[in-house]
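Trainee:
In my numbering, the protein residues as written are 4 to 197.
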């Protein structure tokens, strides 16, 4: 990935949110038509897409602060399914609560331990094959319940990110001066050398 300017990062953030919203909308349509496997796929991809937003917000702050950015590391994280799933789960942990309880953290750790399963289910929702010693076709393997849970998670994440992006988009320079915003972004430690 070549270096991006702050306006390019801001534009990318807007496009990521738009694409995630479209993926979720298309998942809704599929769910209404009982296409549960593909509902799961698109809901999962919407959540992965949304997980790029905190990474890009952190990069914007790094640009404002004049930090050196490791663009190849950022590119790898933006393409890594595991990194994006971890990002989605991190956002689920925080939600609108910046002081998670011990129980919240335990639930988060349990979800982190299932990242491989989430990615496997995405593949199961797309491809016919063998999973857990059984031959399957996606529509038979992905239940309405699994599709509904993935769609609900995508909707909740989209609602949260839409709210956050409405407040933060185009304000990176201003927000970079706020200690609380910086503390949150530093937990991501994304794409910065040093």
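The beta-carbon is built from N, C-alpha and C at its ideal position, and this holds for glycine as well.
Comparing alpha-carbon positions, which option in 59, 12 and 162 lies nearest residue 24?
Mentor: With distances taken between Cα atoms, residue 24 lies closest to 162.
Trainee: Quick one: is the Cβ of residue 25 within less than 7 Å of any heavy atom of the ligand HEM?
Mentor: The ligand HEM is absent from the structure shown, which contains no ligand whatsoever.
Trainee: Can you grab the Cα-Cα spacing for the pair residue 60 / residue 82, in whole Å?
Mentor: One C-alpha to the other measures close to 16 Å.
Trainee: Express the C-alpha separation of residue 131 and residue 173 in angstroms, rounding to a whole number.
Mentor: Taking the straight line joining both Cα atoms gives about 44 Å.
Trainee: Where does residue 195 fall in DSSP's three states?
Mentor: Confidence is the limiting factor: at residue 195 the pLDDT is only 43, short of 50, which leaves the residue's position unreliable and the question unanswerable from this model.
Trainee: Which residues does DSSP list as the beta-bridge partners of residue 137?
Mentor: Answer is 134.
Trainee: Helix, strand or coil: how does DSSP classify residue 72 here?
Mentor: Three-state result, residue 72: strand.
Trainee: Please report the distance separating the alpha-carbon of residue 37 from that of residue 147.
Mentor: Their Cα atoms are separated by approximately 8 Å.
Trainee: Just the C-alpha distance for residue 45 and residue 139, rounded to the nearest angstrom, thanks.
Mentor: The straight-line gap from Cα to Cα measures roughly 19 Å.
Trainee: If we count Cβ pairs, one from each stretch, closer than 8 Å, do we get three or more for the segment 51–59 versus the segment 69–89?
Mentor: Short answer: they touch.
Trainee: Looking only at its own chain, which residues have a Cβ that is under 6 Å from the Cβ of residue 128, when we skip the five neighbours before and after it?
Mentor: Closer than 6 Å at the Cβ level, and outside the excluded window around residue 128, lie 40, 43, 44, 141 and 145.
Trainee: Would you tell me roughly how many angstroms separate the C-alpha atoms of residue 29 and residue 92, rounded to the nearest one?
Mentor: Distance between the alpha carbons of residue 29 and residue 92 is about 22 Å.
Trainee: With the cut-off set at 8 Å, would you say residue 19 and residue 62 are in Cβ contact?
Mentor: No, Cβ-Cβ distance for residue 19 and residue 62 is not below 8 Å.
Trainee: Do residue 157 and residue 49 come within 8 Å of each other at the CB atom, strictly closer than that value?
Mentor: Cβ distance < 8 Å, so residue 49 and residue 157 count as in contact.
Trainee: In whole angstroms, give me the CA-to-CA distance for residue 72 and residue 178.
Mentor: The straight-line gap from Cα to Cα measures roughly 19 Å.
Trainee: Around the C-beta of residue 160, are 16 or more other C-beta atoms found within 10 angstroms, so that it is buried, or is it exposed?
Mentor: Buried.
Trainee: Hey, residue 4 and residue 66: beta-carbon distance below 8 Å or not?
Mentor: No. Outside cutoff.
Trainee: Whose C-beta lies closer than 6 Å to the C-beta of residue 153 among residues of the same chain, with five residues either side of it excluded?
Mentor: Around residue 153: 43, 46 and 47.
Trainee: Can you list, in chain order, the residues of its chain whose CB lies under 8 Å from that of residue 134, leaving out five sequence neighbours each side?
Mentor: Excluding sequence neighbours, residue 134 sits near 123, 127 and 144.
Trainee: Just how far apart, CA to CA, sit residue 175 and residue 169?
Mentor: Each residue's Cα considered, the two are about 12 Å apart.
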